[in-house]
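Participant: Taken in order, these protein sequences are the chains called A and B.
When the letters of the first sequence are read in order and numbered with the working numbering, they come out as residues 22 to 178.
When the letters of the second sequence are read in order and numbered with the working numbering, they come out as residues 14 to 283.
No residue lacks a Cβ here, since even glycine has one placed at the ideal position from N, Cα and C.
Quick caveat: nothing in here was measured; it's all calculated off a predicted structure.
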Amino acid sequence: MDLKELKRIIAIFQKAKIAELEVESKDGVKFRLKKEVTERKAPLVKEVPVEVISIPVQTAEQKLQQTEEPKKQEGMHEIVSPMIGTFYVAPSPDSPPFVTVDQEIKEDDTVCIVEAMKIMNEIKADIKGKIVKVLVENGSPVQFGQPLFLVQLPPKQ
Amino acid sequence: MNLLPENFEDTLRTKIIGHPLYVYSQLDSTQITAKHLAANKAKEGTIVLAYFQKKGMGRNGREWFSPKGGIWFTIILRPHFSSEKANMINIIFTTACAEVFYSFGITQPVIKWPNDILINGKKICGILTQMKSKPRRKKDNLQNESEIEYALVGIGINLDTAIEDFPAALKNKATSIKQEIGKEIKMDDFLASLLEKIEKYYIMLKEDKFSKIQKEWKKFSLPFGILVKTSTSKEVYEGQLVGTNEHGHLIIRTPHGKMEEVSAGEIEII
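(1) At least one CB of chain A closer than 8 Å to the CB of glutamine 44(B): is that the case?
(2) Which value, in whole angstroms, describes the spacing of the CA atoms of glutamine 44(B) and tryptophan 77(B)?
(3) For serine 146(B), return the contacting residues in chain A, with the cut-off set at a CB-CB distance below 8 Å.
(4) Cβ of leucine 50(B) within 8 Å of Cβ of tryptophan 85(B)?
(5) Within the stretch 107-168 of chain A, note down every full beta strand (DSSP E) run reaching 3 residues or more, in order along the chain.
(6) Are the stretch 116-129 of chain B and the stretch 227-235 of chain B touching, with three or more C-beta to C-beta distances below 8 Å?
(7) Give a yes or no on whether 8 Å exceeds the smallest Cβ distance from threonine 243(B) to chain E.
(8) In chain order, what are the residue ranges of uninterrupted alpha helix (DSSP H) at least 4 long that sit wholly in the stretch 21-57 of chain B?
(9) Counting only Cβ-Cβ distances shorter than 9 Å, please list the residues of the stretch 73-107 of chain B near chain A, keeping chain order.
(10) By the three-class DSSP mapping on this structure, what secondary structure does leucine 204(B) have?
(11) In terms of alpha-carbon separation, which member of Lys186(B), Lys98(B), Gln66(B), Ile130(B) lies closest to phenylalanine 223(B)?
(12) DSSP state of serine 96(B), grouped into three classes?
(13) What do you get for leucine 25(B), buried or exposed, if any count of 16 or more other CB atoms within 10 angstroms of its CB means buried?
(14) Cα separation between isoleucine 265(B) and proline 162(A)?
(15) Mind checking which residues open and close the alpha helix (DSSP H) that includes glutamate 193(B)?
(16) Identify which residue in Lys81(B), Lys145(B), Ala111(B), Pro80(B) has its Cα closest to the Cα of arginine 91(B).
(17) Hey, does proline 33(B) have any beta-carbon neighbour from chain A nearer than 8 Å?
(18) Closer than 8 Å by C-beta to lysine 186(B): which residues in its own chain qualify, once you throw out the five before and the five after it? Chain order, please.
(19) Looking only at its chain, what residues have a beta carbon closer than 6 Å to the beta carbon of leucine 131(B), apart from the 5 residues adjacent to it on each side?
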């Protein structure tokens, strides 16, 4: 074994994730290489790319508004948007709203319209209760899954 | 006046759309009647057609002028797919209408995203779709839920209307097939072709073949590159029309070069 071959073996050993290597050549040269290896467990799940979401800085006023909003808590339910679109409280600009705060609603009552691509989607309540807050302003864009109404559930019997 | 023959439904080559077909001499609105039927378990494909609507329904509570001589009908659908996918209904049905107009001799039907068809800048057809759906609860499986109770696709086509019969406000904004090709066409021939095309595209949408319909849509769309303005009550975008994405949302390139995706609102040529 010449020096060149020895260097090649050392280089391979350095890159490999092994702690110890024993080599014996045909011409009787025998040596052992050792190094410290940091143990790294294989991840249990495939790594997924992390989406970086920028969080807008809140003004003091916005923080105050949020603290005043009713919190979703025990006995409360959120009716969410089934799609991206524009939120409307009434069937037309001149019509009264489908529901107002403090109004009792039944399951399947229409509570609003979400429009996308000129499709007027009447959204039904998925629960019985009382409207506590309309969470979106009329005419505003809404996202899939965005809470639209906060509903107080009837007391459990 | 152009009427449908008594046995029209039996002659249809569709399997779903137009079965049953209810024909009325007049109604307040086919949308309202269809809504009652849908709430009473009318099956998918049911059509309500009226020769004359007293209060034809337009968007935002506006009235749709629907005199005798037009085709005014509503199709009841019960899509077993997401609202996001159902939102493509207007895109696929305007494409179906544009293709049938073309096959009946109208050389340049133009689709104005997402629900109108124009000839030389004048409206010849409009689609109004109303749906009723229940939101998904957050714990639900988002992939497999059927959430739409029904969709009512209202289609209005100016078939035989003479220009002088349009109200003053519409004279420069609307046209009819008769006006454009200079002759009457038979309502049953036209409607049969249209319903066949609509059924074909609806099945393709169910089978996730929206991109194939989109290729057809492009052939009839307002030309890409023209300047348009879109507006909802909160947002206004101006820029060049670039096309639509995989959801059928409009893409506009603003003067700053930014691509904006528009999913709601009006579009206007500027």
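Facilitator: So, to answer that:
(1) no
(2) 12 Å
(3) Pro103, Asn142, Glu143, Ile144, Lys145
(4) no
(5) 131-137, 140-145, 150-155
(6) yes
(7) No chain E is present in this structure, whose protein chains are A and B.
(8) 21-24, 43-52
(9) Asn73, Gly74, Arg75, Ser95, Ser96, Glu97, Ala99, Asn100, Met101, Ile102, Asn103, Ile104
(10) helix
(11) Lys98(B)
(12) helix
(13) buried
(14) 17 Å
(15) 190-194
(16) Lys145(B)
(17) no
(18) Lys135, Lys136
(19) Val123, Lys125
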